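J.: Shown below is the structure under consideration.
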Amino acid sequence: LIDEDVFVASFSCATFLNRNPERSKHSCFDDPRSLPYWRIRRHIEVRKPKLGVLEVPDFDEIPTSSRTNVLGFILEGADMRPGSNTSWGLKLIAGYGIAVYD
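Under the working numbering, the first residue of the sequence shown carries the number 4, and numbering increases by one thereafter.
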């Protein structure tokens, strides 16, 4: 693998409004619109670029009252599916730091 200095990507966070699979038919875990996030997260985990810039273009469209929960879920996420003990938030990637800018 070639070392990466900068990784730039974008994903929608609208699907992260449905975080609890017990309350909805679809959640961010099985909604196809979440796939870009999961692929980006995996890329960062495996490749560990020196700098990653992630844009969330629809963040301002999320109700203000939900923004903190959605952002926390993406950064510090815990898998809420029954029987799962996976923690996958971006801040939990070993050896990688995250900063958030608005």
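Where is the CB? At the ideal position from N, CA and C, for every residue including glycine.
Just so you know, these numbers come straight off a predicted model, no measurement behind them.
Please determine, among L54, R70 and P66, the residue with the shortest C-alpha to C-alpha distance to I101.
T.: L54
J.: Among C16, E48 and V9, which one has its Cα closest to the Cα of K39?
T.: Here residue 39 is Pro; the residue named in the question, Lys, does not match the sequence. It is C16.
J.: Checking the sheet assignment: what are the DSSP bridge partners for E58?
T.: In DSSP, E58 forms a bridge with S13.
J.: When you compare each of F76, T18, D34 and L93 to V56 by their alpha carbons, which one comes out closest?
T.: L93
J.: Take the Cβ of V73 as the centre, count every other Cβ of all protein chains shown within 10 Å, and call the residue buried at 16 or more, exposed below.
T.: buried
J.: For K94, which of helix, strand or coil comes out of DSSP?
T.: Note: K94 maps to helix in three-state DSSP.
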